[in-house]
Every structure is written in structure tokens, then in C-alpha cells.
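Undergrad: For the sequence shown, the working numbering gives the first residue as 13, with consecutive numbering after it. The beta-carbon is built from N, C-alpha and C at its ideal position, and this holds for glycine as well.
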Amino acid sequence: MRKKVWQWTGMNEVTSSTAEREQPGSGEAEIRIASIGICGTDLHIMSGHAGFGAPPLPLGHELAGVVERIGPGVDGWQPGDRVCIDPLIGCGVCRECLAGNKHRCAQAGEIGLHYPGGWQEYLVVPAANLYRLPDAVGFEEATQAETLHCCLGGIDKLDIRLGSHAVVIGDGPTGLYYVQLLKAAGASKVTLFGMRDGRLELGRRLGADVTVNLRSSGTVAAEAADSVADTDTDTDTGTETDSIAPETQDIAIDAAGNEASLKLGIELLKRGGQLLLFGLPGHPILADIQAVVLKELTLAGSTNAPQVWPRVLELMASGSVQVKPLITQHYPFAELDRAIAFARSEPDEAVKIIVSHS
Ligand SMILES: [Zn+2]
Ligand SMILES: [Zn+2]
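If you want it as C-alpha cells, here you go:
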């Protein structure tokens, strides 16, 4: 039995082919992939600069589908079960793995980054990496459990009190998820900083009380903060726009990961505030550590969070976090190459592209 596969085959190149279907081994399940999220990480890997994985490799780590076959020793799963897949695989025996922190395992790798991913019709994965989808969560949305789980792990590292003021810097999918998570966690005023009006508009629909376009207001932190008063906000929200100033925020989430976003976050935090570092700079950047010390800020870095997957699905099923508004394009699996090309050429329009099997 053969299956259709898309592979990353060289710099910014994808090629379709076929491969033999694998038999699920002990503790494994074969998943018929239904939907795949296209992620900035995919484009980064394809550029050849990510430093992990090597072509030829099927990418794809934001995955949802249906259990097709189960291997020996797999309990609790039946063919036909609807699932999403945690792509992270640890060694299973080290201290971090045993403590439930497989993302900190020295041997950790990810399906679709280090190992063959879901750019194919069928994928064999450890059954321990499967999560059952609630009826209310469709396959396209379910692909986003992977992104959302990273964000929820970051939220868990913060002490968010009801009525907090928070800023999110970065208007990509993770920034838009953070806006929703902060509101769900009880923040009373969430300000979203970004570079694209369309994304900021979406941010307001998803709960941001105030949005600031850094491109039109200048990227220097002080100017950005000063210019908030000039920013258009949705009058329906009835929020004042002149109350964000340096040293006013309880929480800042840097979902952009560059020197300017870090500077802005540090500047806007009040004394004793908390800064979540989530966006990945990719190279060393400068930060005003003097301000961190003198303002007694708490800094937390965050990547994956294996423990939070069940709660992510609860948040999606209950509607506490909306995913559908972020899905801007849909492509059939046969046109995965076009989906990738669109993501690369139209980053402003493509918030989240989903590729699905018919
Ligand atoms: Zn991703
Ligand atoms: Zn381990």
C-alpha cells in the first residue's frame, strides 16, 4: 500500500511523491491525516536556516486526523477515533521525561521538524502522543492545538490576577492566541502591538481592548507608547486609549522576539511586572537589564508544555479560545506547494493556512 507524500527537498523547495505505508509497531498508531497547519517554522526549516532536520523530509507538525490502524500493545484507541497529535517525542526515561517535561529532554525531537511529519496521507506516531478531539472541535481547528498548547504553557508561567493590565507584542497567530488567553485568564485590559492593520483588527475581534500599529507609530518603544493615544480603536469597545504609558502594565508577552519588542515590553511593565519571552530572536539581542533589576521584573522563557494538551482542547471546545477566525486560507493536499508559496509571498494575508485531505 502506498501513500501520497509532500517532502521538503531543498532550499524553499517541496516535491510530491509516494511512499510505502508503514505498519504501526508496538505502542504506535497509524493516523490518516485530515488537516495540516502551515507554520512559520515550516518556512524557516525550508529556508535551510533552522539548524535541524535535513531534506528530504515531509514537514508538518500541526496535525489532526483519524486513527486508521493500531499496533500491538495500544489500549484505548480504535480505528475511526478523531485525534490531534502532540509532535514532541522525548527519550521517555530521563529525569525530565519522567517528570512530564519531555520538551526539556536532551534527546527531544519533533514530528515534522526532526522526524517525518504530517505532509502525507498517513503517519505512524506513538499512541501516547494522541489526544482525542471533542465533538465540537473540527480537524482544521484541531491542528491549532499544537500552537495553542505552547501559548497556554506560557500563560501557566505567569501569575495573572483578575483585573490585570497586559500587553501582547506581536500580531502573528501566537500573539492572537495570547490575547484570547489573557482575557480568559481575567486580564481586564489587553493591548495588542503589531505591524499589520488586518491582524490588529482581528485582534480586536478576538478581545484586544486596544491595538497599536508599531509600523505607523514608529518602532521605538517610547514613541510607540506615546502614540497609543492617537490609535484608532473600535468605538464599540468603549475603551479609553490614553491610559497605556510606560510602567503601567502588570504583564507583557513578547510574541515577536526582537530587540524592539523586548525593549517595549520592559518599558511598559510596571515595577514588579512579569515578562514572558516567547518569540524567538534567532540570534543574541540586547536588553536593558538595568531596568529589569531596578523594576524587579520577573522574566520567564517558554517553549512547549506537554502537560497542557487536555486543557487546550477544553478551551477550544468551550469557545474560550477561538481558532476559526485565524484560519484565512484553505488548500487541498494536492496543492500543498501552492499553500507554501502563498505563505511565503503573502505573509500579511496568510494568518493561518490549513491544508486538508478531501
Ligand atoms: Zn507551528
Ligand atoms: Zn528524556
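What is the residue span of the alpha helix (DSSP H) that C162 lies within?
TA: Element bounds for C162: 157 to 168.
Undergrad: Which residue's Cα is closest to the Cα of A157: R144, D221, M13?
TA: Closest by alpha carbon: R144.
Undergrad: CA-CA distance, L193 and H295?
TA: Roughly 28 Å separates the two Cα atoms.
Undergrad: Let me know the secondary structure DSSP gives I82 once reduced to three states.
TA: Strand at I82.
Undergrad: Between P185 and the rest of its own chain, which residues show a CB-CB distance below 7 Å, the 5 nearest in sequence each way excluded?
TA: Contacts found: T159, L338, V363, K364.
Undergrad: Measure the alpha-carbon distance for A178 versus E32 and round it to whole angstroms.
TA: Computed Cα separation, rounded: 50 Å.
Undergrad: Is there at least one non-hydrogen atom of ligand 2 closer than 7 Å to the beta-carbon of Q119?
TA: Yes, Cβ of Q119 sits closer than 7 Å to a heavy atom of ligand 2.
Undergrad: Grab the span of the beta strand (DSSP E) containing F345 for me, first residue to last.
TA: Per DSSP, F345 belongs to no beta strand (DSSP E) and is neither H nor E.
Undergrad: Per DSSP, Y134 is paired with what?
TA: In the DSSP output, where bridge partners are listed per residue, Y134 has R44.
Undergrad: Is the beta carbon of G130 less than 8 Å from the beta carbon of I256?
TA: No, these two residues do not count as a Cβ contact at 8 Å.
Undergrad: CA-CA distance, V202 and L276?
TA: Approximately 15 Å between the Cα atoms of the pair.
Undergrad: May I have a chain-ordered list of the beta strand (DSSP E) segments no shorter than 3 residues that lie completely inside the segment 108 to 153?
TA: Segments of the beta strand (DSSP E) lying fully in the segment 108 to 153: 134 to 138, 142 to 144.
Undergrad: Can you give me the start and stop residues for the alpha helix (DSSP H) that V191 sits inside?
TA: 185 to 196 is the extent of the alpha helix (DSSP H) around V191.
Undergrad: If I measure Cβ to Cβ from C103 and keep anything under 7 Å in the same chain, skipping five residues before and after, which residues do I get?
TA: These residues qualify, in order along the chain: C109, C117, Q119.
Undergrad: Taking 7 Å as the cut-off, is the C-beta of E122 nearer than that to any heavy atom in ligand 2?
TA: Checking the Cβ of E122 against ligand 2 gives no.
Undergrad: By a C-beta neighbour count over all protein chains shown, 10 Å radius and 16 as the cutoff for buried, is L174 buried or exposed?
TA: Looking at its Cβ environment, which holds fewer than 16 other Cβ atoms inside 10 Å, L174 is exposed.
Undergrad: I'd like the list of long-range same chain contacts for A303, defined as Cβ closer than 8 Å, with 5 residues on each side in sequence excluded.
TA: For A303, where only same-chain residues beyond five positions count, the Cβ hits under 8 Å are I278, E279, L309.
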